[in-house]
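Step one of this worksheet: look at the structure below.
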Amino acid sequence: APRIGVLALQGDFREHIASLTELGADVVPLRRPEEIDTLDGVVIPGGESSVMDKLSRAFGVADPLTAAIRAGLPTYGTCAGMIMLSARITDGIAGQHTLDVLDTTVRRNAFGNQNDSFEIDIPMPDLGGDPVHAVFIRAPVVEQHGDDVHVLGALPDGQVVAVQQGNVIASAFHPEVAGEDRFHRRFLDVVRSA
Ligand code: GLN
Numbered sequence: 006a007p008r009i010g011v012l013a014l015q016g017d018f019r020e021h022i023a024s025l026t027e028l029g030a031d032v033v034p035l036r037r038p039e040e041i042d043t044l045d046g047v048v049i050p051g052g053e054s055s056v057m058d059k060l061s062r063a064f065g066v067a068d069p070l071t072a073a074i075r076a077g078l079p080t081y082g083t084c085a086g087m088i089m090l091s092a093r094i095t096d097g098i099a100g101q102h103t104l105d106v107l108d109t110t111v112r113r114n115a116f117g118n119q120n121d122s123f124e125i126d127i128p129m130p131d132l133g134g135d136p137v138h139a140v141f142i143r144a145p146v147v148e149q150h151g152d153d154v155h156v157l158g159a160l161p162d163g164q165v166v167a168v169q170q171g172n173v174i175a176s177a178f179h180p181e182v183a184g185e186d187r188f189h190r191r192f193l194d195v196v197r198s199a
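What the sequence shown shows, in UniProt numbering, is residues 6 to 199, in sequence order.
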């Protein structure tokens, strides 16, 4: 079974561990830099990206993770995880860094106040079958992306909320809390073909 590390410093890493375990992966919590080399893939969970950023730098995992992902380590990030992967943030807190492995510009907390949490079904032809039931919780959107970034899903108004660039997949919403396993399956397919 592929060995998957879920960054477990902050956020909903337990839900990702459960989703991936259900799909037969050998899942471990990732907290220390020396664990990265043992992995076939990595997941960055939802949570609070500014806190995850600070902890990942304090624990010394940020730089080695960036190097490993740039070298091809398959990666999936949800919500705060999407922000962590993105090259640019339009409204990060002062001094907020990212892993800078996805050629995207994201806006944090893009849906303000009464819309800050919502659920919507989004057709995503790349994933096949029924529309994806997408759960958004203080979610970001992708405001801009490079030509190498493939859009997997967008809201009816066109705002991009799921992307893939090579071995890196990111969604602004949380399949891990919605019983939606097609993103994790797609990620594991990338892991197997890497
Ligand atoms: N708003 C959070 C952030 O900026 C993300 C929220 C989430 O992961 N559900 O990191």
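Where is the CB? At the ideal position from N, CA and C, for every residue including glycine.
Neighbourhood of residue i by C-beta distance below 8 Å, restricted to the same chain and skipping five residues each side
{"i": "D58", "result": "A67, M89, Q101, H102 and T103"}
Proximal residues to residue i (C-beta, below 7 Å), its chain only, five neighbours per side dropped
{"i": "G29", "result": "A6"}
{"i": "G77", "result": "N172 and A199"}
beta-carbon residue i near the ligand GLN non-hydrogen atom, thresh 8 Å
{"i": "A92", "result": "no"}
{"i": "residue 240", "result": "Residue 240 lies beyond the residue range present for the chain, which begins at 6 and ends at 199; the question has no answer from this structure."}
{"i": "S61", "result": "no"}
{"i": "R143", "result": "yes"}
{"i": "M57", "result": "yes"}
{"i": "A85", "result": "yes"}
{"i": "I127", "result": "no"}
{"i": "S176", "result": "no"}
{"i": "S24", "result": "no"}
{"i": "H179", "result": "yes"}
Paired residues, beta bridge with residue i - DSSP
{"i": "R112", "result": "V146"}
{"i": "E124", "result": "V140"}
{"i": "Q170", "result": "V173"}
{"i": "S198", "result": "Answer by DSSP bridge pairing: none, since S198 is not bridged."}
{"i": "H155", "result": "Q169"}
{"i": "R93", "result": "T110"}
Element boundaries [alpha helix (DSSP H), containing residue i]
{"i": "E20", "result": "F18 to E27"}
{"i": "V56", "result": "S54 to A63"}
{"i": "V48", "result": "Run containing V48: none in the alpha helix (DSSP H); it sits in the beta strand (DSSP E), G46 to I49."}
{"i": "A99", "result": "It is not in any alpha helix (DSSP H) - A99 carries neither H nor E in the DSSP assignment."}
6 Å Cβ shell around residue i - same chain, five flanking residues per side excluded
{"i": "L132", "result": "R187"}
{"i": "I22", "result": "V11 and V32"}
Residue range of the beta strand (DSSP E) that includes residue i
{"i": "L12", "result": "R8 to L12"}
{"i": "T43", "result": "Segment: none, T43 is in no beta strand (DSSP E) and carries neither H nor E."}
{"i": "P34", "result": "D31 to L35"}
{"i": "A72", "result": "That residue, A72, is in no beta strand (DSSP E); its alpha helix (DSSP H) goes A67 to R75."}
{"i": "G82", "result": "T80 to T83"}
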